[in-house]
Amino acid sequence: MSETVLFAGQKGGRSTEPEYVDTPAQTIPKVAFDKRGVWPSKMFTIKLELKDFETANPGVPTYDASQGDGGASLGGIPPEELAAALVKYLPKNCSTKYGDPVGRADVRKAIFENYHRFDSDSGLSPDRVVIGDGGRDILQKWFQMLVQDTSIGGNIVVSAAPWGSYTQGPYINCLNILCAPGSADAGFRITPEGIDACVERSNADGRGVSGLIITSPDNPTGNYIDMAEISALIEHATERNIPHIFVDLVYQAVTDPEVGLYDLNALYKGLSKDARARVCFMDSLTKSAGGSNLRVAHLVAGAESTFERFKGLATHTVIPNALGEAAALEVYGAKEPLQHPWLQQVVIPTTQSRKIVQRRLSELNYRFIADQGYYAFINIYPWLGKKMPEGMTLNRGGNKGMTNFIEDVNLLKSYLTKYCGLAVIHGTVFRQTDFIRFSYANAPKYTDAALTRLHESLAALQ
Numbered sequence: 009m010s011e012t013v014l015f016a017g018q019k020g021g022r023s024t025e026p027e028y029v030d031t032p033a034q035t036i037p038k039v040a041f042d043k044r045g046v047w048p049s050k051m052f053t054i055k056l057e058l059k060d061f062e063t064a065n066p067g068v069p070t071y072d073a074s075q076g077d078g079g080a081s082l083g084g085i086p087p088e089e090l091a092a093a094l095v096k097y098l099p100k101n102c103s104t105k106y107g108d109p110v111g112r113a114d115v116r117k118a119i120f121e122n123y124h125r126f127d128s129d130s131g132l133s134p135d136r137v138v139i140g141d142g143g144r145d146i147l148q149k150w151f152q153m154l155v156q157d158t159s160i161g162g163n164i165v166v167s168a169a170p171w172g173s174y175t176q177g178p179y180i181n182c183l184n185i186l187c188a189p190g191s192a193d194a195g196f197r198i199t200p201e202g203i204d205a206c207v208e209r210s211n212a213d214g215r216g217v218s219g220l221i222i223t224s225p226d227n228p229t230g231n232y233i234d235m236a237e238i239s240a241l242i243e244h245a246t247e248r249n250i251p252h253i254f255v256d257l258v259y260q261a262v263t264d265p266e267v268g269l270y271d272l273n274a275l276y277k278g279l280s281k282d283a284r285a286r287v288c289f290m291d292s293l294t295k296s297a298g299g300s301n302l303r304v305a306h307l308v309a310g311a312e313s314t315f316e317r318f319k320g321l322a323t324h325t326v327i328p329n330a331l332g333e334a335a336a337l338e339v340y341g342a343k344e345p346l347q348h349p350w351l352q353q354v355v356i357p358t359t360q361s362r363k364i365v366q367r368r369l370s371e372l373n374y375r376f377i378a379d380q381g382y383y384a385f386i387n388i389y390p391w392l393g394k395k396m397p398e399g400m401t402l403n404r405g406g407n408k409g410m411t412n413f414i415e416d417v418n419l420l421k422s423y424l425t426k427y428c429g430l431a432v433i434h435g436t437v438f439r440q441t442d443f444i445r446f447s448y449a450n451a452p453k454y455t456d457a458a459l460t461r462l463h464e465s466l467a468a469l470q
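Counting from 9, one number per residue, gives the positions in the sequence shown under this note's numbering.
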């Protein structure tokens, strides 16, 4: 450093008092309240309980129908193919330089034109596509954008059986979560009447609705809603002045062949001008290609202002990773992305397994939801309160002691895992304590055997 850095008469370059970056009007107020803790998801660890069964029953097969991880259950993408895609994607020089905060232009162009097939009449362009580090990253930025655009303490409306991260992500960003009314007989889907009830409740509470999340195919229920219904929900939310609408489509490629992808070009063009400005659509390779650790998802922003806000947030938080973008270019750049081998190795066995699940659960008189995607949501109400076979006990948790009764769905989950060698997700995670989530993103024979294990295990309860 030079002996003197400042020049004579220079006013800048020194301060004598602490200074806020923001004006008083823009400074975030300090508000104390009894905050809920946000703890690690146990969905990633439930399958570890299978070790108890394996120790007690050496050589007996176990079945993991818990985590929706196609990269694990269906083998994943061959590493040499990923490596080739990465080498093809990277520039010859400066290969580890910073990339575009919203994703490289050629990747966004492939997503826009080749995968979603938007046309010029849509009024959109590849400059409305944002690439992120997986769905959770996209969602986090959306929640952050909502706080910037509305306020802290606003409500995010989700279904009556929301994915676990839908109940955590908003809260992390100082937003509340409001579950819309819903019935299992209708797949727990959000309805216009449910939206009305949420708006009225939010306004009565002085919070207002900051955003609405629509998911199809759904996690955890597997419920599927058609394009006309999605459009109607978006328009109704717009009429009720919900400022931001998020449509999560990450399972849309994992559907029966006759179902296929939603026609987002037609859906978007069919919306009113006001609705177009409020809506976003998300998709990813996490489920369709079993690319769980690739961490790549994308968002199509209906409004230019949404794109610009996402770009600003990405610049200061998380930018896309090279391997994820390389995988996206490999798939979405293909002539027929849905026919790419990486997708087919997930979609084909999962579709076959879905047919087995639908047929067998129906034949065995179970009550369930399993339209499309990865999951069946199975009603286990008749087995709650039943007694386990002789010699089997479970810890209730805390200081509540042991029991040999299935007192709740959490204990049913532990019974299935520890004593039966079958891992599922208990419905408590999704605020539905009479249900379990059964993942069929597995080979058909494996899924069939897992269903047999489930049925035999439930039948053993007295």
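Every residue, glycine too, gets a C-beta built ideally from N, C-alpha and C. Just so it is clear, the structure is predicted and the values come from calculations on it, not from any experiment.
With contacts defined by Cβ atoms closer than 9 Å, Lys426 and Asp60 form a contacting pair. One thing to note: Val304 has its Cβ within 9 Å of the Cβ of Ala335. A residue is called buried once 16 or more other Cβ atoms fall within 10 Å of its Cβ, and Arg44, having fewer, is exposed.
Taking all protein chains in view, the Cβ of Asp291 is crowded by 16 or more other Cβ atoms within 10 Å, so the residue is classified as buried. Within the segment 95–140, the complete beta strand (DSSP E) segments at least 3 residues long are 137–140, listed from N- to C-terminus.
DSSP places Leu419 in the uninterrupted alpha helix (DSSP H) bounded by 417–422. With respect to the C-alpha of Gln148, the residue from His306, Ala311, Arg445 having the closest C-alpha is His306. Under DSSP, Thr223 shares a beta bridge with Asp256.
Taking C-beta atoms as the reference points, Gly190 and Gly202 count as a pair closer than 9 Å. When DSSP states are grouped into helix, strand and coil, Tyr28 belongs to the coil group. Using a Cβ-Cβ distance cut-off of 8 Å, the segment 308–323 and the segment 133–143 are in contact, since at least three pairs of beta carbons, one from each stretch, lie closer than that value. When the five nearest sequence neighbours on each side are left out, the beta carbons in the same chain lying within less than 6 Å of the beta carbon of Met235 are those of Tyr270, Leu275, in order along the chain. Shown here for Ile364: same chain residues with a beta carbon closer than 8 Å to its own, the five before and five after excluded, namely Tyr448, Pro452, Thr455, Asp456, Leu459 in chain order. With a cut-off of 8 Å on Cβ pairs, the segment 242–252 is in contact with the segment 280–290, counting three or more such pairs. Phe446 sits away from Tyr389, with the two beta carbons spaced by 9 Å or more. Counting only the Cα atoms, Ala240 lies some 13 Å from Lys277.
Residues of the same chain with a CB within less than 6 Å of the CB of Tyr232, apart from the 5 flanking positions on each side, are Ser224, Pro225, Asp379, Gln380 in chain order. When Phe413, Asn450, Asp442, Phe438 are compared, the shortest CA-CA separation from Ala468 is found for Phe413. In the structure shown, the three-state DSSP call for Ala468 is coil. For Val287, the three-state secondary structure derived from DSSP is strand. With fewer than 16 other Cβ atoms from the protein chains shown falling within 10 Å of its own Cβ, Glu398 counts as exposed. Between Trp171 and Phe254, the C-beta spacing is not below 9 Å. The alpha carbon of Ile386 has as its nearest neighbour, out of Gln440, Arg404, Leu331, the alpha carbon of Gln440. In this structure, Gly219 sits near Gly162, with a CB-CB distance shorter than 9 Å.
If you draw a straight line from the Cα of Gln470 to the Cα of Asp442, it is about 18 Å long.
Membership of Ser81 in the alpha helix (DSSP H) is indicated by the continuous run 78–81.
When DSSP states are grouped into helix, strand and coil, Cys206 belongs to the helix group. Here DSSP, grouped into helix, strand and coil, assigns Thr455 to helix. CA-to-CA, the gap between Val417 and Phe438 works out to about 12 Å.
In its chain, beyond the 5 residues on either side, Leu337, Tyr340, Gly341 have a beta carbon closer than 7 Å to the beta carbon of Ala118. DSSP, read as helix, strand or coil, puts His434 in strand. Close CB contacts of Asp77 within its chain, under the 6 Å cut and outside five residues either way in sequence, are with Ser300 (chain order). When rounded, the separation of the alpha-carbon atoms in Ile356 and Tyr28 is 57 Å.
Taken through DSSP and simplified to helix, strand or coil, His348 comes out as coil. Between Arg197 and Ser167, the gap from beta carbon to beta carbon is short of 9 Å. When the five nearest sequence neighbours on each side are left out, the beta carbons in the same chain lying within less than 7 Å of the beta carbon of Val432 are those of Ala73, Ser74, Lys421, Leu424, Ile444, Arg445, Phe446, in order along the chain.
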